[in-house]
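Accompanying notes for the structure given below.
Numbering (our numbering), first residue to last: 5 to 70.
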């Protein structure tokens, strides 16, 4: 498994520690979940945007294909 070394400000680290303590999880687990969730959310947004563009431009694409 690959690893990633991240740097945080003191304030960010304090927030991360507090979140981990509240959730009863390790710092690593909380950070991993946050990154994976952010990436997944952005991927989903891109997929939604692509579907919307395809729907909106469908008629134009049909005309251009002729």
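Glycine included, every Cβ here is placed at the ideal spot set by N, Cα and C.
Extent of the continuous alpha helix (DSSP H) to which residue i belongs
i          : result
residue 11 : No alpha helix (DSSP H) contains residue 11, which DSSP labels as neither H nor E.
residue 62 : 62 to 69
Nearest neighbour of residue i, chosen from the options [CA to CA]
i         : options        : result
residue 6 : 54, 62, 36, 52 : 36
Beta-carbon proximity check, residue i vs residue j, cutoff 8 Å
i          : j          : result
residue 34 : residue 23 : yes
Would you check if there are 3 or more beta carbon pairs closer than 8 Å linking the stretch 19 to 32 to the stretch 46 to 58? no
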